[in-house]
Amino acid sequence: ILMYCHDELTHPGQVHEELDIEPWAYRYIIGRAGSEMKHIQANWKVRVNIPRENSTNDKVLIVGEAEPVSKAKAYVDKLIWNAENNAKGRDKADTATADPWGDEEPVEEWMRGYMYKR
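Now the structure itself:
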């Protein structure tokens, strides 16, 4: 019970799935103020246990009935994949400096009257 948060005697029909997730990715499973964790637990009627320093199991654990556990596992895997592959913030590629109108054309004489002079 301590290792997997359930036992066949106390919780008949319950299964568990262990996910080997790096500690830096726990925040993506938890979400802001626990919102992502609540979403997972409410939608699929499962329990998600994230290990702490003194836990007997060092893996993320999803406990519930077989089908919802597999769906919740797929969702968590997708969350982690998005966290690894979709860069945001400082790591994001700098697309703001690119000119959305394309390259500049050579300046012609008639354009000089419309150009901003500093």
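The numbering used here puts the first residue of the sequence shown at 232, with every later residue one more than the last. Just so you know, even glycine gets a beta-carbon here, dropped at the ideal spot from N, CA and C.
Close-in-space but distant-in-sequence residues of the same chain around residue i (CB under 7 Å, 5 per side omitted)
i	result
Asp289	Pro282
His237	Gln245, His247 and Val294
Met268	Ile260, Ile261, Gly262 and Val279
Pairwise C-alpha distance: residue j and residue i
i	j	result
Glu248	Tyr306	13 Å
Ser286	Leu292	11 Å
Ser266	Val279	13 Å
Asp251	Val338	59 Å
Ile260	Gly295	17 Å
His270	Trp312	18 Å
Tyr347	Asn317	39 Å
Tyr257	Glu298	23 Å
Lys302	Val246	13 Å
Gly262	Arg343	54 Å
Asp334	Trp341	19 Å
Ala314	Arg349	44 Å
Asp308	Tyr345	55 Å
Glu336	Ala264	51 Å
Buried or exposed by the 16-neighbour rule on C-beta atoms within 10 Å, applied to residue i
i	result
Trp275	buried
Lys304	buried
Strand pairing of residue i, partner residues [DSSP]
i	result
Asn280	Leu292
Glu249	Leu292
Cβ shell of residue i (< 8 Å), same chain only, five flanking positions each side left out
i	result
Gln272	Arg278 and Val279
Gly254	The identity of residue 254 in the sequence shown is Pro, whereas the question assumes Gly. For Pro254, where only same-chain residues beyond five positions count, there are no Cβ hits under 8 Å.
Glu350	Past the edges of the chain, shown from 232 to 349, lies residue 350, and the structure says nothing about it.
Neighbourhood of residue i by C-beta, 6 Å cutoff - its chain only, sequence neighbours within 5 removed
i	result
Val300	Val246, Glu248, Val277 and Ile293
Asn310	Note that residue 310 is Leu in the sequence shown, not Asn. Closer than 6 Å at the Cβ level, and outside the excluded window around Leu310, lie Tyr259.
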